[in-house]
Amino acid sequence: MEISTLREEARDLLDETVALRRTLHQWPELGNDLPVTRENVLSALEGLPLDITLHQTTSGIAALLDGGKPGPTVLLRGDMDALPLHEDTGLDFTSKIDTAMHACGHDTHTAMLVGAAKLLSARRLDLPGRVLFMFQPGEEGFGGAEFMLDEGLLNVPARADGSESPITGAYALHISANLPSGWIASKGGAAMASADTMHITITGRGGHASQPHAALDPIPVACEVVQALQTMVTRTIDVFDPSVVTVGRITAGTTNNIIPETAFIEGTIRAVSERTRSKVRDGIRRVAEGVASAHGAEVDVRFEDGYPVTVNNPGSAQFSLDVAREVIGAQSVVEMPNPVMGAEDFSYVLNRIPGSMMFLGGTPLDRDLSKAAPNHSNRVYFDETAMVDGMAVYAAMAVRHLAGAPT
Ligand SMILES: [Zn+2]
Ligand SMILES: [Zn+2]
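Just so you know, we're using my numbering here: the sequence shown kicks off at 6 and counts up by one.
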């Protein structure tokens with residue numbers, strides 16, 4: 006099937022896609038319960054020949070498009086949730102919620118996936134198979150994809166004519182302020198990191214700040230732990246199988262003249278292999294316990310499992326780059342040399358279905374990339390015309406995959 010016209014067709018959809026994106030942007034919602042967003046997506050999908058399943062445990066939407074010919078099912082994912090921060094972009098469609106913002110661009114993903122549903126619906130009769138549009142909530146740390154998987158997202162029924170149509174590929178796009186508008190980037194193997202959380206509590210003995218010898222001050226111990234963790238990472242972890250440990254929060258004490266009893270350290274742990282992921286955890290525990298013990302303090306180290314490493318099937322990743330080159334031109338498609346240290350719960354889908362996570366550039370071409378506010382910033386800005394390329398690539402991935410993707 007011809008895909009060279011998809012970009013033109015997507016351009017025709019830009020106005021309505023921008024309108025939807027701006028509505029979503031003005032009413033951001035957090036976590037797995039996104040009632041307003043869900044309503045907006047459902048009304049945007051109205052009239053399309055989709056079999057829609059509303060998920061019960063979350064606001065997830067699974068929309069199935071049945072092609073005119075038998076074949077497998079391909080999954081396209083768009084996430085819908087926002088982040089808990091105040092928006093400072095000054096845009097005229099700025100968030101109307103004081104404490105929430107679409108700072109990761111999921112509003113664009115949702116709008117693009119709706120656009121792709123329109124493009125593919127228009128070609129429905131020629132499609133040899135089906136497309137499952139996965140509108141997921143709770144990507145930002147709430148495990149929305151896992152909830153949808155647990156609710157049977159992948160257990161698609163047979164087609165109406167009785168033919169089996171299992172899901173054989175899964176693709177997702179993520180807009181990024183680190184790439185020029187409309188560019189596509191991906192890579193085979195680890196594409197994004199795992200993200201676990203560490204919680205370290207150091208317990209000493211409280212007392213008067215003028216008499217530290219009569220107390221056991223946990224604050225300098227906590228400071229040493231923070232430093233020693235960085236040394237542990239750089240001295241024990243292979244730079245070619247890297248890890249990032251960042252202490253994002255450290256709290257202790259109430260005022261200047263009291264030695265508190267406890268100090269708390271919280272941080273994130275990123276890795277791009279399961280091997281390093283567990284090695285770093287062991288190192289954190291060893292360092293925290295060793296430093297605390299050197300000073301006679303007690304320590305409690307806890308880890309919370311976050312998202313696993315996002316691993317692109319190598320064949321699927323090459324395939325997605327090839328399709329992107331065909332749709333938007335080779336000059337705007339890059340094979341990433343390294344993974345991104347952010348994490349994604351599309352990883353859970355890719356652990357079950359071979360596929361690929363791709364990045365879509367969102368920074369306007371006339372802006373300096375190195376100065377662009379990044380994703381998650383209160384000032385991040387995405388060029389809406391990049392959604393033309395995103396919609397076209399989403400749709401082309403489905404068309405080409407159903408035509409027979411290499412695996
Ligand atoms: Zn994010
Ligand atoms: Zn995101």
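Each residue gets a CB set at the ideal place from its N, CA and C atoms; glycine is no exception.
Worksheet item: Contact check, Thr115 vs Leu29 under 8 Å by CB: the rounded distance?
Response: 6 Å
Item to complete: Alpha carbon to alpha carbon, how far is His213 from Glu349? Give it in angstroms, no decimals.
Response: 46 Å
Fill in: Host beta strand (DSSP E) of Phe269 (start-end)
267-276
Fill in: Glu34 Cβ short of 7 Å to ligand 1 heavy atom set
no
Worksheet item: Taking the C-alpha atoms as reference points, what is the distance between Gly367 and Phe387?
Response: 5 Å
Fill in: Backbone CA spacing between Arg298 and Thr202 [nearest angstrom]
Just to set this straight, residue 298 is Ser in the shown sequence, not Arg. Ser298 and Thr202: Cα-Cα distance of roughly 22 Å.
Fill in: Beta-carbon proximity of Arg135 to Gly72, cut-off 8 Å
yes
Worksheet entry | Range of the contiguous beta strand (DSSP E) that encloses His114 | Per DSSP, His114 belongs to no beta strand (DSSP E); it is in the alpha helix (DSSP H), 111-126.
Practice prompt. Go ahead and pull the three-state DSSP assignment for Lys74.
Written response: strand
Discussion item. Just checking His30 against ligand 2 - is the residue's beta carbon closer than 7 Å to any of the ligand's heavy atoms?
Written reply: no
Item to complete: Name the two residues that bound the continuous alpha helix (DSSP H) containing Gln336.
Response: Run containing Gln336: none; DSSP gives neither H nor E here.
Worksheet item: Cβ-heavy atom distance between Asp112 and ligand 2 below 7 Å?
Response: no
Fill in: Range of the contiguous alpha helix (DSSP H) that encloses Thr173
It is not in any alpha helix (DSSP H) - Thr173 instead sits in the beta strand (DSSP E) that spans 172-185.
Discussion item. Can you tell me whether His179 sits near ligand 2, meaning its C-beta is under 7 Å from at least one heavy atom of the ligand?
Written reply: yes
Worksheet item: Does the Cβ of Leu158 have 16 or more other Cβ atoms within 10 Å, making it buried, or fewer, making it exposed?
Response: buried
Worksheet item: What did DSSP end up calling Met106 once you bin it into helix, strand or coil?
Response: strand
Worksheet item: Can Ala182 and Pro379 be called in contact, C-beta distance under 8 Å?
Response: yes
Worksheet entry | The alpha helix (DSSP H) enclosing Met203, as first and last residue numbers | Careful: Met203 lies outside any alpha helix (DSSP H), inside the beta strand (DSSP E) at 199-208.
Worksheet entry | Residue burial classification, Ala276 (beta-carbon count within 10 angstroms, cutoff 16) | buried
Fill in: The beta strand (DSSP E) enclosing Phe140, as first and last residue numbers
133-141
Worksheet item: Would the C-beta of Asp350 count as close to ligand 2, meaning under 7 Å from any of its heavy atoms?
Response: no
Practice prompt. May I ask you to list the residues that DSSP assigns as paired with Ile189?
Written response: Val338, Leu365
Discussion item. List, from N- to C-terminal side, the alpha helix (DSSP H) runs of 4 residues or more that fit wholly inside the stretch 39-87.
Written reply: 40-50
Fill in: Exposed unless 16 or more other CB atoms sit within 10 angstroms - verdict on Ala329
buried
Discussion item. Need the endpoints of the alpha helix (DSSP H) that Phe98 sits in, please.
Written reply: That residue, Phe98, is in no alpha helix (DSSP H); it is neither H nor E in DSSP.
Worksheet item: Exposed or buried, Leu96, counting other C-beta atoms within 10 Å across all chains shown (16 or more means buried)?
Response: exposed
Discussion item. Cutting at 6 Å between CB atoms, please list the residues of its own chain near Ala49, excluding the five before and the five after it.
Written reply: Leu25, Val119
Discussion item. Gly174 and Ile224 - do their beta-carbons sit closer together than 8 Å?
Written reply: no
Discussion item. So, does the stretch 165-173 touch the stretch 337-352, judging by three or more C-beta pairs under 8 Å?
Written reply: no
Item to complete: Go ahead and label Thr412 buried or exposed: buried means 16 or more other beta carbons lie within 10 angstroms of its beta carbon, across all protein chains shown.
Response: Any reading at Thr412 must be qualified, since the residue scores a pLDDT of 44, below 50, and its modelled position is unreliable; no value is offered.
Worksheet item: Do Glu151 and ligand 2 come close, with the Cβ less than 7 Å from some heavy atom?
Response: no
Fill in: Of the residues Arg405, Val398, Val393, His406, the one placed nearest Asp20, counting alpha carbons only
Val393
Worksheet item: Measuring from the CB of Glu144, is there a heavy atom of ligand 2 at a distance below 7 Å?
Response: yes
Discussion item. Looking at the strands, I want to know which residues DSSP matches up with Arg384.
Written reply: In the DSSP output, where bridge partners are listed per residue, Arg384 has none listed.
Worksheet item: Are the beta-carbon atoms belonging to Asp310 and Thr281 less than 8 Å from one another?
Response: no
Item to complete: Name the two residues that bound the continuous alpha helix (DSSP H) containing Gly253.
Response: Run containing Gly253: none in the alpha helix (DSSP H); it sits in the beta strand (DSSP E), 248-257.
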